[in-house]
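In the numbering used here, the protein residues as written are 3 to 230.
Note that CB positions come from ideal geometry on N, CA and C, so glycine has one too.
Only a predicted model underlies this, so the values are computations on that prediction, with no experimental measurement involved.
Below you'll find the structure, written out as structure tokens, and then a few comments.
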């Protein structure tokens with residue numbers, strides 16, 4: 003969800019594909035919430051995996067964009083400006099969901115994770131193999147136990163809980179991928195998938211706005227049908 007000064011279409015496509023999947027997932031989530039679907043997001047492997055694929059794509063792009071924006075040296079002014087922006091939006095999401103959905107409010111979601119892991123990953127930007135090793139040390143153990151971090155785990159379920167560990171590992175994989183010039187790969191079907199590229203360029207704002215819009219549409223549909 004970054005805006006590097008130089009655009010790389012393949013990187014925008016990764017973000018755009020993540021946004022596209024996210025819209026589909028949240029539409030299904032809201033349809034299930036109002037009884038139009040019966041998706042089991044906790045126990046069904048497909049629905050359990052779906053949001054994790056989305057987060058994986060976002061955090062890979064965060065790692066790629068982080069290296070792209072801060073090479074050959076860290077641009078601290080732009081970093082802190084972006085960090086403050088992402089953190090403020092994350093806080094806004096926490097506050098709004100606390101009042102709207104107190105039983106499942108977002109206390110450490112995707113934006114919270116992006117802000118913190120960006121800060122934690124930055125020192126690794128010139129150490130690709132170290133990044134890959136640390137990523138493996140974070141990700142592989144998570145198959146056997148839960149990190150249950152960042153030091154916050156409230157007893158209620160959250161609509162979006164993305165802990166810094168092990169997800170920092172995915173950002174570090176993105177840093178490694180940058181050193182392998184993955185961001186320079188040619189765009190896939192650039193004309194046919196131009197919409198994905200455009201969505202990737204505005205991924206942050208689509209991320210913020212799509213769910214309220216989908217929720218209101220499904221809520222309106224539910225209200226309309228309940229009157230008949």
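Where does the unbroken alpha helix (DSSP H) through residue 195 begin, and where does it stop?
The residue given as residue 195 occupies position 193 in the chain shown. From DSSP, residue 195 is part of no alpha helix (DSSP H); its letter is neither H nor E.
Helix, strand or coil for residue 24? Go by DSSP, reduced to three states.
Residue 24 sits at position 22 when you count from the first residue of the chain shown. If DSSP states are grouped into helix, strand and coil, residue 24 belongs with the helices.
What are the boundary residues of the alpha helix (DSSP H) that includes residue 37?
For the purposes of this step, residue 37 is taken as the residue at position 35 of the chain shown. That residue, residue 37, is in no alpha helix (DSSP H); it is neither H nor E in DSSP.
Residue 170 lies in the alpha helix (DSSP H); which residues open and close that run?
Stepping through the chain shown from its first residue, residue 170 is reached at position 168. Residues 166-181.
Could you tell me the boundaries of the alpha helix (DSSP H) in which residue 217 lies?
Here residue 217 is taken as the residue at index 215 of the chain shown, counted from 1. It spans 205-228 - the alpha helix (DSSP H) in which residue 217 sits, taken as one unbroken run.
Straight-line CA distance for residue 133 to residue 87?
Here residue 133 corresponds to residue number 131 of the chain shown, with the count starting at 1. Here residue 87 corresponds to residue number 85 of the chain shown, with the count starting at 1. Taking the straight line joining both Cα atoms gives about 26 angstroms.
Among 196, 51 and 91, which residue has its Cα nearest to the Cα of residue 116?
Taking the chain shown and counting its residues from 1, the one referred to as residue 116 is at position 114. Measuring from the Cα of residue 116, the nearest candidate turns out to be 91.
Quick one: using the 10 Å Cβ neighbour count with 16 as the cut-off for buried, is residue 1 buried or exposed?
An answer regarding residue 1 cannot be provided, because it is not within the stretch 3 to 230 covered by the chain.
If you measure between the beta carbons of residue 162 and residue 208, is that distance less than 9 angstroms?
By one-based count along the chain shown, residue 162 stands at place 160. By one-based count along the chain shown, residue 208 stands at place 206. Result no, Cβ atoms of residue 162 and residue 208 do not sit closer than 9 angstroms.
Tell me whether residue 109 counts as near the ligand FAD, meaning its Cβ is closer than 8 angstroms to at least one heavy atom of that ligand.
Here there are no bound small molecules, and the ligand FAD is not part of this structure.
Going by C-alpha distance, which of 54, 224 and 217 is nearest residue 103?
On the chain shown, residue 103 is found 101 positions in, with the first residue counted as 1. That would be 217, whose Cα lies nearest to the Cα of residue 103.
Can you grab the Cα-Cα spacing for the pair residue 111 / residue 165, in whole Å?
Counting from 1 along the chain shown, the entry for residue 111 is found at position 109. Counting from 1 along the chain shown, the entry for residue 165 is found at position 163. Taking the straight line from one Cα to the other gives about 8 angstroms.
I want to know whether the segment 134-147 touches the segment 30-41 - three or more CB-CB distances under 8 angstroms.
Result no; under three Cβ-Cβ pairs closer than 8 angstroms.
Given a cut-off of 9 angstroms on the beta-carbon distance, is the pair residue 206 and residue 171 in contact?
For the purposes of this step, residue 206 is identified with residue 204 of the chain shown, where counting begins at 1. For the purposes of this step, residue 171 is identified with residue 169 of the chain shown, where counting begins at 1. Taking 9 angstroms as the Cβ cut-off, residue 206 and residue 171 do not qualify as a contacting pair.
Suppose you measure from the CA of residue 201 to the CA of residue 225; what does that come to, to the nearest Å?
Here residue 201 corresponds to residue number 199 of the chain shown, with the count starting at 1. Here residue 225 corresponds to residue number 223 of the chain shown, with the count starting at 1. Residue 201 and residue 225: Cα-Cα distance of roughly 30 angstroms.
Can you tell me whether residue 5 is buried or exposed, with buried defined as 16 or more other CB within 10 angstroms of its CB?
Numbered from 1 along the chain shown, position 3 holds the residue referred to as residue 5. Low confidence applies here, because residue 5 scores a pLDDT of 46, under 50, leaving its location unreliable; read the following figure in that light. Burial call: exposed.
Let me know if residue 24 comes out buried or exposed under the rule of 16 or more other beta-carbons within 10 Å of its beta-carbon.
For the purposes of this step, residue 24 is taken as residue 22 along the chain shown, with counting starting at 1. With 16 or more Cβ atoms within 10 Å of its Cβ, residue 24 is classed as buried.
Does residue 15 come out as helix, strand or coil in the three-state DSSP assignment?
Reading the chain shown from its first residue, position 13 is the one you call residue 15. Of the three classes helix, strand and coil, the one that applies to residue 15 here is helix, per DSSP.
Report, in whole angstroms, the separation of the C-beta atoms of residue 179 and residue 15, which I expect to be a contact under 8 angstroms.
As a first step, residue 179 must be located in the chain shown, where it is residue number 177. As a first step, residue 15 must be located in the chain shown, where it is residue number 13. No, residue 179 and residue 15 are not in contact; Cβ-Cβ is about 14 angstroms, not under 8 angstroms.
For the alpha helix (DSSP H) containing residue 112, name the first residue and the last one.
The residue given as residue 112 occupies position 110 in the chain shown. Segment 112-123, the alpha helix (DSSP H) holding residue 112.
How many angstroms separate the CA atom of residue 41 from the CA atom of residue 51?
For this step, residue 41 is matched to residue 39 along the chain shown. For this step, residue 51 is matched to residue 49 along the chain shown. When rounded, the distance between both Cα atoms is 13 angstroms.
Can you tell which of 222, 210, 66 and 131 has its C-alpha closest to the C-alpha of residue 93?
For this step, residue 93 is matched to residue 91 along the chain shown. Measuring from the Cα of residue 93, the nearest candidate turns out to be 210.
Count the other C-beta atoms from every protein chain shown that fall within 10 angstroms of the C-beta of residue 173, then say buried if there are 16 or more, exposed otherwise.
Within the chain shown, the letter at position 171 stands for residue 173. Buried: at least 16 other Cβ atoms inside 10 Å.
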